[in-house]
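Novice:
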Amino acid sequence: MTDAKGRKPVHAASTKKQMDHVHNAIDKFTRKDNLDASSDEFSILATRSSISEKEREELILLREQVEELKRKLMEKEEELKSAEESMNRFSLAVTEIDDLKRQIEEKDSLVRSAHLQLNEAKVLHSFPEFLHFPLCVKFLLLLLLFLLFLFYFLLSLLLLLSSIVVVVVII
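Residue 1 is where the sequence shown starts when you use UniProt numbering, and the numbers rise one by one after that.
(1) I'd like the span of the alpha helix (DSSP H) that includes S82, first residue to last.
(2) Does L59 pass the burial test, meaning 16 or more other C-beta atoms within 10 Å, or should it be called exposed?
(3) I'd like to know whether the C-beta atoms of L148 and V94 end up nearer to each other than 8 angstroms.
(4) When you compare the CB positions of L145 and L116, do they come within less than 8 angstroms of one another, or not?
(5) With distances taken Cα to Cα, identify the nearest neighbour of D108 among E67, F153 and E55.
(6) For L158 and E106, what's the separation of their Cα atoms in angstroms?
(7) Which residue's Cα is closest to the Cα of I164: K81, E96 and L62?
(8) Can you find the residues in the same chain that come closer than 7 angstroms, C-beta to C-beta, to D36, ignoring five residues on each side of it along the sequence?
(9) Could you check which residue in M74, E68, K138 and I104 has the C-alpha nearest to that of S156?
(10) Starting from the C-beta of K138, find all residues in its chain whose C-beta is less than 6 angstroms away, skip the five residues before and the five after it, and write them out in chain order.
(11) Do S162 and L92 have their CB atoms nearer than 8 angstroms?
Set out below in C-alpha cells:
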C-alpha cells in the first residue's frame, strides 16, 4: 500500500484514527453552537494525541482560517446592518419626497384655480376694461397677480430645495 507520493505509510490505521479524531475536533470546534470555543481545545487535543508536527501545523492553520472566517463574517454582518440602515433612510426620503410632491400638487392646483378665476373675471384679457377700474382696485389686482406669481415661484423653489436636501440626506 503506497500513498500519492509513492511512499509506504507508517501505521496507516493509527494515522487514519488520529485524522478522524482531528476532523471530529475541528467539526466540534466549527459547529454553530460552539463558535465561541477557545483555541485551547486544539492545544489540549494536540497534547493528548500523538499527532505529527505536520498535522499540528495543519491544525493551527485551520484554527487561523476559522478565526479569519469568523472575523470576515462579523464584518459582513456589520456591512449588512449598515446597508439595511441606508435602505431605511432611502425609503424614508422617498416617502418625504412623495409627500412634498403631493403638497406641491395641492398648492399648484390652488394657483391654477386662482388664475382661472382671474381669467374668468377678464382681468387678464380685457385690458381696456381694466383701465376703467379705480386706481386702488387696479393696484390690488396687480398686487394679487404679483403675489400669485411670487407664491408659485417660491413653491417651485421650495420643491427644488427639498429635492436637494433629500439627495444630500441620501448620500
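All C-beta atoms in this analysis are idealised placements derived from N, C-alpha and C, irrespective of residue type, glycine included. Please read these numbers as outputs of a predicted model, since none were measured by experiment.
Specialist: In terms of the structure at hand:
(1) Counting along the chain, the unbroken alpha helix (DSSP H) around S82 starts and ends at E53 to E120.
(2) Burial call: buried.
(3) Note that the C-beta distance between L148 and V94 is not below 8 angstroms.
(4) Not a contact, by the Cβ cut-off of 8 angstroms.
(5) Taking the Cα of D108 as reference, the smallest distance to any Cα among E67, F153 and E55 is reached at F153.
(6) Roughly 14 angstroms between the two C-alpha positions.
(7) Distance from the Cα of I164 is smallest, within the candidate group K81, E96 and L62, for E96.
(8) Confidence at D36 is low in this model, with a pLDDT of 49, below 50, so the placement of that residue should be treated as unreliable; the coordinate-derived value is given next. Once the five neighbours on either side are set aside, D36 has no close Cβ partner at all.
(9) Of the candidates M74, E68, K138 and I104, I104 places its Cα closest to the Cα of S156.
(10) Counting only Cβ-Cβ distances below 6 angstroms, and skipping sequence neighbours, we find nothing.
(11) No, Cβ-Cβ distance for S162 and L92 is not below 8 angstroms.
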